[in-house]
Every structure is written in structure tokens, then in C-alpha cells.
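A short worksheet on the structure shown next.
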Amino acid sequence: MATLKDILKKVRQLEIKSKQLTSNLFSGEYHSAFKGKGMSFKEVREYAAGDDIRFIDWNVSARFGTPFSKVFEEERELTVMLLVDVSASSLFGTVNASKKDIATEIAAVLTFSAINNGDKVGVIFYSNKIEKYIPAKKGRDHALFIIRELLSVSAYKKATGLNTALRYFTNINKHKSTAFILSDFIDTNYADALRVAASRHDIIGVKIWDKMDKDLPKMGMLRIEDAETGEQGWVDTSSAYVRHEYQKEFFAQTEYASRTFKRSGSDLLHVRTDEDYVKILQKFFLSRNKK
């Protein structure tokens, strides 16, 4: 169990790393990728030639007997929400780091990117239920609080339930926001909840996976335990059929996530635990700027 001293040391390390990445790599790219995506109502004025008729305020027009148009302005402030999967499967990792470690680093980078651009950022930690909610705020102290929570929160032997997290997110966020979902997306029951959330918000999924999530090593008979259910059993990893079925399940989960995000009009990134997530985020930010 990490001590408070260990956590504070890790917080400082993450702050330094995140700030360097934010200032050197993401500052302009983050800003232009997400700023200006939302519009907020400002006022009404008399209709003028060339105004979009879709924005005519019929109630005001009827009251004054002449057409009035709604005027909108670009939202100067963005609200970023991080939906972080802390279920038991997030603790898995066989190469450089666990999925939780990678999710924590990405969340820290996104947090400081938002804070440095004057945006608010909040977090929903979830397993098969909401583990913790941190309302969106600004400021360095708030960012450091988020990082401390990222490092310490856990859900021992808890399953994954993105459906619950998305419904909670939709209920508490009435105004348009940008949400990053950091998860391995091993559950396959969130299509409706994602469609509803994506109709109002800008949703980006980040699927974090480990090489052994896809390929079971050939090591003979192994006694394994499901991290989320606690169920144990023997598996013959020397069997080609067993390894094939294991891989097939991974591809089924990945296909469901890709299809579901595409249908909802949302983006989905794929980050392997031994890959450079910085390059993947950079490429994504740049692609958003071209839209």
C-alpha cells in the first residue's frame, strides 16, 4: 500500500511530466482542437437579411410583431470531464505499466492541458458503479487534487459498467462539454447511453489495452483468476483452440467499441500499454484541427 509520502512524490513527478508535455507539445494543439466547438446563446435582435431562419425566435417575434433572430457567441470556456475506469481490470499490465498507470498519466496530461487553457476539468471515477465524482473547477490546486485522487482511487474486484457512468455524466452535465473516457472497454452494454451522451457532448474514448489482453502466452496449464469477478479456474494455454477463443473475445470487445463510438459520432483512440501515448494524442489533436 502506497504511503502518503509516496503518493505526494508521484503527484509531483506527474505534475512535472504533464506540464512539460502540455507546454511543449499540446498547448496550441489542444486549444485549437476543442475551442470554438460550442456556441452559447447571447441575445436576440431584429431579423436582418442573411440571418439563418433556423435561429428565428418565434416567441419574441410574435410578441413584437416583427421577426427577431437569436444571436450566439463562441464559448470561451470549455468544461472537460474525465470518465476514468477504475475497475479491477485496469490493474492489469504485463509490459511497461498497468492500464491504470497509463490512464493516470493521460488523465494528468489532459487535466493540465485544460487548466493551462483556462478551462474547467472534473472527473467521474467508475467501476460497475460511481466510485467518486469531482465537480469541474479551474486552477492548479484543483489539478493536483485530481492527480492525487487518480493515484489513490481503486475498486478492488469490481466489474466495468460504462453504461452507469455515461448516464450519470449525462444527468449532471446539462451544458455541452468535452468528455474523455479512459477505459479498456471490456463491457459491451453501453451503446444507448453513449448515443444519448454524444447527442449533447463531445465524447472521446481512449481504449487502453495490454498485449496479453489479445494474445494468451503458450505456457501450459495455468490457474487464472478473473480480476473483476474473483472466479478461478484452470486454462490450457498450450491449446490452439483456447488461445484462438481468447483472442476472438478481445476482437469482439474491440469491434463493439469501435462500432458503437462510430455510430454515435464519437472518436475512439487505441493505446497499448507499451506504446507512446503522447504520439497518439498529438496525432488525434492534429486531426481534430483539420475538421
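Just so you know, the sequence shown maps onto residues 1 to 291 in UniProt numbering. All C-beta atoms in this analysis are idealised placements derived from N, C-alpha and C, irrespective of residue type, glycine included. Since we're looking at a predicted model, the values are computed, not measured.
Judging by CA-CA distance, which residue of the options is the nearest neighbour of residue i?
{"i": "V235", "options": "L216, L83, E249", "result": "L216"}
{"i": "M212", "options": "V11, Q247, A165, S152", "result": "Q247"}
{"i": "A252", "options": "I172, F185, T273", "result": "F185"}
{"i": "K19", "options": "N163, L110, L82, I53", "result": "L110"}
{"i": "G220", "options": "R54, A107, K158, T237", "result": "T237"}
{"i": "G118", "options": "H142, E105, D57", "result": "H142"}
{"i": "V96", "options": "F284, L281, D274, V278", "result": "It is worth fixing the name first, because residue 96 is Asn in this sequence and not Val. Closest by alpha carbon: D274."}
{"i": "E225", "options": "R63, N171, A88", "result": "A88"}
{"i": "I16", "options": "G65, Y190, A108", "result": "A108"}
{"i": "residue 294", "options": "K70, L281, S199", "result": "Any property of residue 294 remains undetermined from this structure, which presents the chain solely from 1 to 291."}
{"i": "A193", "options": "K176, K207, H175, N171", "result": "N171"}
For residue i, which residues from the same chain have a beta carbon less than 6 Å from its beta carbon, with the 5 sequence-adjacent residues on both sides left out?
{"i": "T22", "result": "F112, S113, N116"}
{"i": "K10", "result": "L151"}
Looking only at its chain, what residues have a beta carbon closer than 7 Å to the beta carbon of residue i, apart from the 5 residues adjacent to it on each side?
{"i": "V60", "result": "V44, F68"}
{"i": "M198", "result": "The question names Met, but residue 198 in the sequence shown is Ala. Contacts found: S264, G265, S266."}
{"i": "E131", "result": "V86, F125, V153, A155"}
For residue i and residue j, what's the separation of their Cα atoms in angstroms?
{"i": "K138", "j": "L78", "result": "10 Å"}
{"i": "residue 333", "j": "V271", "result": "Absent from the structure is residue 333, since the part of the chain shown begins at 1 and ends at 291."}
{"i": "E255", "j": "D187", "result": "12 Å"}
{"i": "K129", "j": "S287", "result": "33 Å"}
{"i": "K218", "j": "V196", "result": "42 Å"}
{"i": "Y126", "j": "I134", "result": "12 Å"}
{"i": "A136", "j": "S258", "result": "28 Å"}
{"i": "K5", "j": "A103", "result": "22 Å"}
{"i": "G161", "j": "N189", "result": "8 Å"}
{"i": "I146", "j": "G230", "result": "29 Å"}
Using 10 angstroms around the beta-carbon of residue i, count the other beta-carbons present and answer buried if the total reaches 16, otherwise exposed.
{"i": "D85", "result": "buried"}
{"i": "E105", "result": "buried"}
{"i": "W209", "result": "buried"}
{"i": "E245", "result": "exposed"}
Near residue i, which residues of its chain fall below 8 Å by C-beta distance, leaving aside the five closest residues on each side in sequence?
{"i": "R243", "result": "D215, L216, K218, T237"}
{"i": "residue 333", "result": "Here the chain covers residues 1 to 291 and nothing more, so residue 333 does not appear."}
Can you confirm whether residue i, when its beta carbon is compared against all beta carbons of chain D, has any partner nearer than 8 Å?
{"i": "D85", "result": "Absence of chain D from the displayed structure is noted, only one protein chain being present."}
The stretch 262-281 touching the stretch 194-211, judged by at least three CB pairs closer than 8 Å = yes
Does the stretch 143-157 come close enough to the stretch 178-198 to have 3 or more Cβ pairs within less than 8 Å?
-> no
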